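Be aware that the sequence shown starts at 0, since it is given in numbering that gives the first Met the number 0, and climbs by one per residue.
Here the structure comes first, spelled out in C-alpha cells, and everything after it is commentary.
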Amino acid sequence: MWRRFTTVVGRVIPGAGSRCRKRGWVTPVTVVILGLSFLWTGTLADSNTPRQSVLRVLAWPGYADDDWVQAFEKRFHAKVEVTIVDSDEALWAQMHSAVPPPFDVLAANTAEIARYAQAGMLSPLDLTKIPNRRWQQPFFQRLSDIRGLVNAGHAYAIPFTWSSMGLIYDRKQFAVAPSSMRVMWDPRYRGKVLDFNSAQHNFSFAALALGYPDPFHLTPGQMRDVARELVNLRRNLLTYYTLPEEATALFVQHHAALMFGNYGTQQVEQLRKAGVDVGYVMPDEGALAWLDCWAITRNASNLDLAHQWLDYMQEPEIGKQLTQREGLANTMMPVPGGASDAGPKLVWLQLVENIGQREALWQRIESGDRLRTFPQ
C-alpha cells in the first residue's frame, strides 16, 4: 500500500526548540515545507501494470489537504505530490529549482501569475476542461476583468480564494480598535508587533502607510523613504513570520498586540481557535488584498490531469471546506462591493516596479542593517 508522509526542511517550529536571534529580535529562516505524497512500502508492482500518472502540485498551506488529495487520486487513478511554500519568494525559488521546473500546477496570487506568464512559465488554459467554473461568482468567471490572468487573449489561471491583508489586534491590549497602519510604529507596542517576512508586501503596505497613491510602482525617492520606514519599524517588532501557524504560536506565546495579517481571515480564524480574543480591521489607508489562483506550468507532464485538478479545486464542496477550515473566502461567495474593487478599502496586488530592488533592500532590512547605511 501507499503511505503518506510530510518532510519539513529547514524550519525551526516555535515552541519546539531554540530560535535564531539577531540584534535582539527573532529572525525565522524562510523555508519550504515539502509534502511528498506517497512512498511505496509494499511489494513491487508487476512490470505489466500501467504506470500511474503523477501530478506535482506547488501550493500554499490549506490549499491541498490530504483528504482532497486522496479523493482526487482515487477518482482519477493518479498519484499526487504536494510541495507547500510559505512566501512568494519561496514559490519563485521552487519554480527555478530545476530545469524544467518539477511541477505541473501551482497556486499564486494574481501579481505573481502575471510574473510567471510574462516569463513564459505557464501554459494557456483550455477553459472547456474546467466546467466547474459555473459555480463561481460572475466576477471570478470574467477572467479578462482580473488584472494578470489573461495575456494575449489566453487565460493562464483560475481564481481559487482571496483575502484582505488587514491588521489583527489583541482586544485586551486595545481599548479602541486601531484605524491606521501607523499604529504599527507606535512606541507603546515596542516588541509586540509581528510582521510578515516578504519584500513585496512590506514595501507595498508601508507605501500605503506613507500615503503614496500607488504602492506597487514607487519612484526612487519613494523607495528610499519606504526602506527607511521599514528599518524604523524594526524597533517595534517581536519578529517576522512566514507561515500562519507560526504567527499564531508567536502571537500566543509572546502576548503580541498587533500583527500585519498577510493571510488575513485565515489567521484570524486560527487565533480565535487558539483562544485569543482578536479583532480584524482594514486600516483607513487601505488594505492590500490578494486573489490566489490555480495555474498550469508550461512543462506540465499531463495537461489533461492538470486541468482535472483545476476543475476539482472549483467543486462547491472544496470551496465550502476551504472556508470552514481556513477561514478564507471561496470564489462562490459574493465579494463586497462587486469584487473589481471589492469595497473601498481593498487594494488588489499588482506586479511591482522592480522585484529585484525590493528583495535586495529587504534582505538588508531583515538582516538588521543600520538606518545610516541606507540612502538619504
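For every residue, glycine included, the Cβ atom is placed at its ideal position computed from N, Cα and C.
Treat the numbers as computed from the prediction; the structure is a model and nothing was measured.
Residue i - DSSP class collapsed to helix/strand/coil
i, result
"residue 195", "strand"
"residue 372", "helix"
"residue 316", "helix"
"residue 179", "coil"
"residue 59", "coil"
"residue 353", "coil"
"residue 207", "helix"
"residue 344", "coil"
"residue 366", "helix"
"residue 330", "coil"
"residue 217", "coil"
Pairwise C-alpha distance: residue j and residue i
i, j, result
"residue 289", "residue 171", "29 Å"
"residue 361", "residue 164", "19 Å"
"residue 333", "residue 253", "36 Å"
"residue 423", "residue 211", "The shown model of the chain, from 0 to 375, leaves out residue 423, and the question about it has no answer."
"residue 177", "residue 168", "8 Å"
"residue 275", "residue 260", "15 Å"
"residue 186", "residue 221", "24 Å"
"residue 75", "residue 268", "32 Å"
"residue 79", "residue 119", "24 Å"
"residue 60", "residue 265", "10 Å"
"residue 152", "residue 89", "29 Å"
"residue 105", "residue 174", "42 Å"
"residue 94", "residue 200", "20 Å"
"residue 144", "residue 125", "18 Å"
"residue 149", "residue 156", "8 Å"
"residue 194", "residue 356", "20 Å"
"residue 294", "residue 121", "7 Å"
"residue 154", "residue 142", "7 Å"
"residue 324", "residue 136", "21 Å"
"residue 69", "residue 315", "17 Å"
"residue 92", "residue 319", "31 Å"
"residue 113", "residue 216", "15 Å"
"residue 130", "residue 301", "18 Å"
"residue 331", "residue 147", "20 Å"
"residue 71", "residue 180", "42 Å"
"residue 249", "residue 189", "15 Å"
Per-residue burial, residue i [other beta carbons within 10 Å of its own, 16 or more giving buried]
i, result
"residue 263", "buried"
"residue 375", "exposed"
"residue 81", "buried"
"residue 205", "buried"
"residue 245", "buried"
"residue 219", "exposed"
"residue 127", "exposed"
"residue 367", "exposed"
"residue 84", "buried"
"residue 229", "buried"
"residue 99", "exposed"
"residue 103", "buried"
"residue 166", "buried"
"residue 96", "exposed"
Own chain, CB closer than 7 Å to residue i, minus 5 neighbours either side, in chain order
i, result
"residue 43", "With a pLDDT of 36 at residue 43, under the threshold of 50, the modelled position of that residue is not reliable, and the figure given next carries that caveat. Closer than 7 Å at Cβ, skipping near neighbours: no residue."
"residue 101", "55"
"residue 278", "168, 170 and 176"
"residue 273", "247 and 251"
"residue 209", "224, 225 and 228"
Beta-carbon contacts of residue i that lie in its chain and below 6 Å, excluding the five residues immediately before and after
i, result
"residue 373", "226 and 227"
"residue 285", "207, 344 and 346"
"residue 192", "183, 235, 236 and 257"
"residue 198", "357, 358 and 361"
Same chain, Cβ closer than 8 Å to residue i, neighbours up to 5 away in sequence not counted
i, result
"residue 108", "87, 289, 290, 291, 292 and 348"
"residue 328", "160, 161, 162, 264, 322 and 334"
"residue 370", "227, 230 and 231"
Closer than 7 Å to chain D by CB, residue i
i, result
"residue 298", "Reference to chain D is not applicable here, since this structure consists of a single protein chain."
- [ ] With a floor of 4 residues, list each alpha helix (DSSP H) that falls wholly inside the region 229 to 300, ordered by position along the chain.
- [x] 243 to 252 and 264 to 272
Task: Those runs of the alpha helix (DSSP H) which lie wholly inside the region 88 to 174 and span at least 4 residues - done: 109 to 117 and 137 to 140
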